[in-house]
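A quick write-up on the structure given underneath.
Numbering (my numbering), first residue to last: 43 to 377.
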């Protein structure tokens, strides 16, 4: 078997277990460093439509409705909107691939001309279509009636890691961008501080999971994007709080909810302590949390990588064209 990215034969098994004690080899290429699950023949569309939400939810062990998912994720869209602020205009047409319950599109809809979603989960897509009033497709892009070169911005938040052929996926996606358009890609970071700095084994056991086929570092994400014909800048974002990192090190397990793990933490919640003391200490801890996140990001160890860029000139991209291939082998990701 050869490496997906560089074709080298030097593939090493670095793990044999995923979250929930699922047996699956995780491979690392000894030449280019890309990490991914050992391939196997399977169709994930039914899994994403039916089983994914039961195992992977903002509240561990609880399958939430589309409305609940929307309400959980909506408060955390601000940083994403700010990262895209330089390219968002009142005339922008935006496509979000793997739009989930539409929380990001809802966050920007008043700032742009058009928002469109693509989402395999039919209940989520129905919610976005019917409750939010945002046109959302449940088919791969190549099976929709969307025109080519239509969008100014295409986003995918924690989607690319779910795709079995990310280069083809990105090549196909770029045909829907207008000339001069932008793409935004966000994925989990293999150099996450909990993996590369603190080396918490239980975190690694939780972090590697069945729906994530690829595990990107900044270097391997850059290589995939370059092969797909894009240029731009990769940075890291630390979404999870200092309290979450401390909790992992002390309890060796995750917090119950995404809200607990990501929200700016309050150190004191007492209803009887003097309010001025609570306010002062909580404000101090919020500053510490912000400084911690900034330091982690500065050193490239944020929990997520994000890329904002544009297609290169086709003659200089240096990648082979695979036009006509179905988008991501019908494997749109959910989040």
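For every residue, glycine included, the Cβ atom is placed at its ideal position computed from N, Cα and C.
Report the rounded CA-to-CA distance for residue i versus residue j, giving the unit in angstroms.
i	j	result
residue 262	residue 215	19 Å
residue 326	residue 133	41 Å
residue 302	residue 188	39 Å
residue 52	residue 321	56 Å
residue 103	residue 110	14 Å
residue 239	residue 230	16 Å
residue 205	residue 67	17 Å
residue 43	residue 211	21 Å
residue 253	residue 232	15 Å
residue 311	residue 83	50 Å
residue 319	residue 291	27 Å
residue 338	residue 297	20 Å
residue 267	residue 276	10 Å
residue 343	residue 234	5 Å
residue 242	residue 207	30 Å
residue 58	residue 284	29 Å
residue 120	residue 48	36 Å
residue 131	residue 315	47 Å
residue 306	residue 151	26 Å
residue 55	residue 257	14 Å
Exposed or buried, what is residue i when buried is set at 16 or more other beta-carbons lying within 10 Å of its beta-carbon?
i	result
residue 46	buried
residue 228	buried
residue 341	exposed
residue 280	buried
residue 81	exposed
residue 313	exposed
residue 167	buried
residue 176	buried
residue 100	buried
residue 288	exposed
At which residues does the beta strand (DSSP E) containing residue i begin and terminate?
i	result
residue 351	346–353
residue 222	219–230
residue 71	64–71
residue 278	272–279
residue 59	53–60
With C-beta atoms as the reference, is residue i less than 8 Å away from residue j?
i	j	result
residue 156	residue 135	yes
residue 174	residue 160	no
residue 259	residue 144	no
residue 61	residue 329	no
residue 274	residue 332	no
residue 350	residue 226	yes
residue 213	residue 295	no
residue 255	residue 94	no
residue 139	residue 236	no
residue 346	residue 278	yes
residue 308	residue 324	yes
residue 180	residue 164	yes
residue 222	residue 195	no
Looking at the unbroken alpha helix (DSSP H) that takes in residue i, where does it start and where does it end?
i	result
residue 245	243–249
residue 161	Counting along the chain, residue 161 falls outside any alpha helix (DSSP H), and DSSP gives it neither H nor E.
residue 194	No alpha helix (DSSP H) holds residue 194; the beta strand (DSSP E) holding it covers 193–199.
residue 120	120–126
residue 77	Taken as a continuous stretch (DSSP letters only), residue 77 belongs to no alpha helix (DSSP H), being part of the beta strand (DSSP E) at 77–79.
Between which residues of its own chain and residue i is the CB-CB distance below 7 Å, once the five residues before and five after are set aside?
i	result
residue 354	271, 272, 273
residue 141	147, 159, 160, 161, 170, 178
residue 286	297, 303
Please report whether the beta-carbon of residue i lies at a distance below 8 Å from any beta-carbon of chain C.
i	result
residue 50	Of the protein chains in the structure, only one exists, and it is not chain C.
Just to confirm my understanding: we take residue i, look at its own chain, exclude 5 residues before and 5 after, and list those with CB closer than 6 Å. What are they?
i	result
residue 112	143, 145
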